[in-house]
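This report refers to the structure that appears directly beneath it.
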Amino acid sequence: MISMNPHDLTIKTYDDGASQFDQHFFEYFGKGPRISDIDQGLKLAGVEVAKAKVVEIGCGTGRDAEAMVKRADRYEGFDPSKGLIEVAKNKVPKASFVVADALSYKYPKNVDVVFAFASLLHISKDDLKKVFPKVQRSLRKGGIFYISLKQAEKYTGTLKTDQFGDRMFYYYSPELIQQIAGKSFITVFLNRQKIGKTAWFTIALKKI
Numbered sequence: 009m010i011s012m013n014p015h016d017l018t019i020k021t022y023d024d025g026a027s028q029f030d031q032h033f034f035e036y037f038g039k040g041p042r043i044s045d046i047d048q049g050l051k052l053a054g055v056e057v058a059k060a061k062v063v064e065i066g067c068g069t070g071r072d073a074e075a076m077v078k079r080a081d082r083y084e085g086f087d088p089s090k091g092l093i094e095v096a097k098n099k100v101p102k103a104s105f106v107v108a109d110a111l112s113y114k115y116p117k118n119v120d121v122v123f124a125f126a127s128l129l130h131i132s133k134d135d136l137k138k139v140f141p142k143v144q145r146s147l148r149k150g151g152i153f154y155i156s157l158k159q160a161e162k163y164t165g166t167l168k169t170d171q172f173g174d175r176m177f178y179y180y181s182p183e184l185i186q187q188i189a190g191k192s193f194i195t196v197f198l199n200r201q202k203i204g205k206t207a208w209f210t211i212a213l214k215k216i
């Protein structure tokens with residue numbers, strides 16, 4: 009039997025439990041989409057509501073897409089899990105969804121905001137270094153890369169097993185994200201919070 013790598017194992021876990029994850033996301037992150045974060049991202053980009061061009065990395069079951077499509081002229085979300093994308097399509101039929109990961113996705117040009125809520129935490133530092141140039145080329149000047157991640161003082165990766173299965177998580181710091189982003193971005197917003205026992209941070213990076 010061939011063992012799966014952590015990346016494929018994580019996707020399989022999401023595929024196998026797509027409907028259960030939909031309920032889990034709803035309960036863990038709060039009821040409904042992250043409206044305040046979405047509005048904050050659009051405000052930082054200086055774009056009018058209903059005129060924004062938005063991409064969502066790791067859209068999952070479409071929880072936040074519900075709010076984004078109401079605030080965007082053009083929205084596209086992608087996720088490597090076919091199971092999660094199927095749930096998203098049923099939940100938000102007006103939205104455009106694609107099965108892809110952050111490295112294989114074909115990013116459109118002149119995007120106002122790229123959102124990545126609790127999705128890049130499944131991507132290693134080496135791969136994240138490859139994602140940033142793709143996002144940088146996708147965003148217009150002044151566009152925003154809006155990210156939420158699990159936080160640790162020191163970068164680390166761990167394979168976790170819970171009631172859903174096995175998933176790989178990577179922990180970052182805001183300082184490391186700014187370092188990876190490089191000179192093409194500046195930090196314009198940073199917020200730290202705890203959800204349960206887990207430390208999280210949200211960072212908004214503006215393309216300069």
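Using my numbering, read the sequence shown as starting at 9 and increasing by one per residue. For glycine and all other residues, C-beta sits at the position ideal for the given N, C-alpha and C. Model, not experiment: these values are computed from the prediction.
Cβ neighbours of G70 within its own chain (closer than 6 Å, five residues either side excluded): A96, K99 and V100. Around the beta carbon of S27, fewer than 16 other beta carbons lie within 10 angstroms, which makes this residue exposed. With respect to the 9 Å criterion, L213 and Q186 are classified as neighbours on the basis of their beta carbons. Following the DSSP letters along the chain, one finds D16 inside the alpha helix (DSSP H) bounded by residues P14 to D24. Proximity of the segment 73–87 to the segment 157–174 falls short of the contact definition, fewer than three beta-carbon pairs being nearer than 8 Å. Note: V119 is bridge-paired with L147 in the DSSP secondary-structure output. Each residue's CA atom was taken as its position, placing I46 and K158 some 18 Å apart. Residue burial annotation: T164 is exposed, with fewer than 16 other C-beta atoms found within 10 angstroms of its C-beta. Nearest Cα to V107 within the set E94, P141, V119 and K117: E94. Annotation: the continuous beta strand (DSSP E) that includes D87 extends over A80 to D87. Partner residues in the beta bridge of T210, as assigned by DSSP, are S156 and N199. Segment contact: the segment 137–157 against the segment 10–25, fewer than three CB-CB distances shorter than 8 Å; contact not assigned. In this chain, E161 is not harboured by any beta strand (DSSP E), its DSSP state being neither H nor E. Counting other Cβ atoms within 10 Å of its Cβ, V62 reaches 16 or more and is therefore classed as buried. By the C-beta criterion, the segment 175–183 is judged not to be in contact with the segment 137–149, since fewer than 3 inter-stretch pairs fall below 8 Å. Under the DSSP assignment, E64 falls in the beta strand (DSSP E) whose first and last residues are A60 to I65.
For S104, the enclosing beta strand (DSSP E) has its first and last residue at S104 to V107. The Cβ atoms of D120 and G151 lie closer than 9 Å to each other.
Sequence-distant Cβ neighbours of I43 in its own chain, meaning closer than 7 Å and more than five residues away, are A75.
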